[in-house]
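A short write-up of the structure that comes next.
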Amino acid sequence: MNEKIFSYIENRPLYIIISLFLFHITVACLMSWLAYSPYFSALHNGQGFWRFSIDSTLYHQEALKLVDVLNEGKWKFWWSSYPTHLHVKWLALIYWMIGEPIPILFEVVNSFVWVLSVILIYHASYYLFNRNVKIACFSTLFLFFPSVVLSSTQLLREPFYILGLCFTLFGWVVLYRLDSNWRGVLSIVIGFFLVVSTRDYLTPIMFSIFLVWGLVAIFYKHVERAPV
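The opening position of the sequence shown corresponds to residue 0 in numbering that gives the first Met the number 0, with each subsequent residue numbered one higher.
The following block contains the structure:
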């Protein structure tokens, strides 16, 4: 039975991806509905925001300010605003395009970010452990932890930070296992951008890690290609 499940996951990736989207959208809609309801009133403000993600209210207010900026046609100012809260730009753009500042609308972005994180971790483990589907599946379980899933349905930066780490990990695995330099480097660059744009104080640490692993990668390639 287990073998059939893992075989299905490996051979029906499109169905799995669609299922992941449906799962995340369902959780997000349920969380949004509860946040407007009288249920669990001690845990939310009744206006769509949960107390465990209190920063969402800040990002919501920032997005509303940028909506006014977009209404005035100040696109350059919109693009340069809130450099450490990049997701606020896209939140404001969605509010502006739809014409309603409803937080659940950001699920368009949130679901994509979460599903992409799952895909990247799955493939990183898949290639790292010799295409072992079981290990690849189990490696994604941390993204299904309640705290991770629930935070990914809110207006927070954390999902983008996690996505950045997933891109970085995937990039290094691709460089090591697949010898696809351009894809590996591109993934690492995207990951680096996402991480430092949400946690700018990590820039020196990220640079140090990249330098060390870059030297290790060069040495590893040199040893592999050296004549025996």
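Beta carbons: idealized from backbone N, C-alpha and C, even for Gly.
Start and end residues, alpha helix (DSSP H) containing residue i
i	result
H86	85-97
Q46	No alpha helix (DSSP H) contains Q46, which DSSP labels as neither H nor E.
E61	54-70
S146	145-150
F76	74-79
Proximal residues to residue i (C-beta, below 8 Å), its chain only, five neighbours per side dropped
i	result
V26	V148, L149, T152
I4	none
F39	L33
L185	G170
N180	L174
Residue from the options with nearest C-alpha to residue i
i	options	result
S196	I4, K88, W113	K88
I101	P145, I16, G72, F48	F48
F20	A91, F143, V194	F143
S146	C136, P158, S18, F137	P158
L193	L164, W74, S124	L164
L162	I120, R130, W74	I120
Sequence-distant residues of its chain with Cβ nearer than 7 Å to residue i (five each side left out)
i	result
V227	The predicted position of V227 is uncertain, since its pLDDT is 49 and thus under 50; a value taken from the coordinates is nonetheless stated next. Closer than 7 Å at the Cβ level, and outside the excluded window around V227, lies no residue.
H122	F169
R198	Y160
D54	L155
I24	E106, S110
Whether residue i touches residue j by CB criterion (8 Å)
i	j	result
I8	V172	no
V114	T139	no
F58	G45	It should be noted that the sequence gives Tyr, not Phe, for residue 58. No. Outside cutoff.
R176	L127	yes
Y14	A62	no
I103	S52	no
F141	T167	no
V66	A91	yes
L85	W77	no
Collapsed DSSP secondary structure at residue i in the structure displayed
i	result
L155	coil
N10	helix
I189	helix
T25	helix
Y160	helix
N129	coil
R198	coil
T139	coil
F39	coil
P102	helix
V227	Here the model assigns V227 a pLDDT of 49, short of 50, so the residue's position is not dependable and the matter cannot be decided.
S18	helix
Sequence-distant residues of its chain with Cβ nearer than 6 Å to residue i (five each side left out)
i	result
I187	T167, G170
T56	F48
S79	none
Any C-beta of chain D under 8 Å from that of residue i
i	result
S124	No chain D appears in the structure shown, which is made up of a single protein chain.
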